[in-house]
DNA sequence: TCTCAGTTTAGAATGATTCTAAAGTGTTGA
DNA sequence: TCAACACTTTAGAATCATTCTAAACTGAGA
């Protein structure tokens, strides 16, 4: 709890009640994938009612501070990943199946980067079917 | 024109005026990336006014028939790609920069596919910065 | 404790996409 | 050629995730 406050402070985030609850849930040690909606639902199960606006704000604040990764898996909604290491995903739209690929993936054969640009990150999504 | 009609028929798509115009634009030989909105704008420039609903319907019909690829680059909107070959992308959100990587990319080091699933496709997105 | 910038919130607004149901149009068989 | 119908198109409403607004609230420092 004080750890969480300290953690938030060290990321220039004022440790408000809501942020403490959200960080406590997200950064409990196990990697998680959440959407604003799923996070709201999970917190509600734990009797923590936080407005959706705040959940969106907080996810973005955390993202802006590098505490979360943003995933673009579908255009329906945005997923955030608590695992901010360089990694990739297995994903299946139908089953809402989404798991990390932590093993080191090698992407080779890339052409040279377009003029005046630099690579920010490489995202590999392995789309699965049943 | 009759080619297009034939092309549509061979894909179980009734060759309506609108589909002929859209297919004529999309499959003119040059690879294209479009969104419903951008397609609508391009057609309008060519004096072809087609309702957005029809544009959405048609993009989906073409997609369902394998004439287009769907790209998930951002959660803001859906991109369709007329290049249906196995290929990947350089993408920059800020600049709306999006180009194909046609060169063969090799993705190695993938862990084994989760039980009872099979790989549908592998999508590599190289996110760029200025 | 006082003060205020930073936060939270309900509810409205936005914007891409989908839905509805009514009007229009290829296609087919006679 | 044409009737008849299933398939399409369309305007406008509806949906849904997300963002915005502006008012109330609350950490943090003095």
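Chains as they are written, first to last, in the working numbering: chain A, 91 to 220; chain B, 91 to 220. A virtual CB, placed ideally from N, CA and C, is assigned to each residue, including glycine.
If you check the CB distance, residue 103 of chain B and residue 126 of chain B do not come in under 8 Å. Each of A:163, A:154, A:188 was checked against the Cα of residue 204 of chain B, and the nearest Cα belongs to A:188. C-alpha of residue 134 of chain A to C-alpha of residue 92 of chain B: approximately 59 Å in a straight line. Put simply, of B:193, B:144, B:169 the residue whose alpha carbon is nearest the alpha carbon of residue 175 of chain B is B:193. For residue 190 of chain A, the secondary structure class from DSSP, reduced to helix, strand or coil, is strand. Of all residues in the stretch 201-220 of chain B, the ones placed with a Cβ closer than 9 Å to any Cβ belonging to chain A are 201, 203, 204, 206, 207, 208, 209, 210, 211, 212, 213, 214, 215, 216, 217, 218, 219, 220, in chain order. Runs of beta strand (DSSP E) with 3 or more residues, each lying fully within the stretch 112-141 of chain B, are absent. Not a single C-beta of chain A is nearer than 8 Å to the C-beta of residue 152 of chain B. Around the beta carbon of residue 139 of chain B, a 10 Å sphere encloses fewer than 16 other beta carbons of the protein chains shown; the residue is thus reported as exposed. Segment contact: the stretch 165-182 of chain B against the stretch 144-153 of chain A, fewer than three CB-CB distances shorter than 8 Å; contact not assigned. DSSP links residue 209 of chain B through a beta bridge to A:218. Annotated three-state conformation of residue 176 of chain B is coil, per DSSP. For residue 171 of chain A, the closest of A:101, A:115, A:97, A:100 by C-alpha to C-alpha distance is A:115. DSSP links residue 182 of chain B through a beta bridge to B:187. Taking CB atoms only, residue 148 of chain A has no neighbour in chain B less than 8 Å away. Within chain A, the residues whose beta carbon sits less than 8 Å from that of residue 193 of chain B are 199, 200, 201, listed in sequence order. Unbroken beta strand (DSSP E) runs of no fewer than 3 residues, entirely contained in the stretch 147-177 of chain B, are found at 159-161, 169-171, following chain order.
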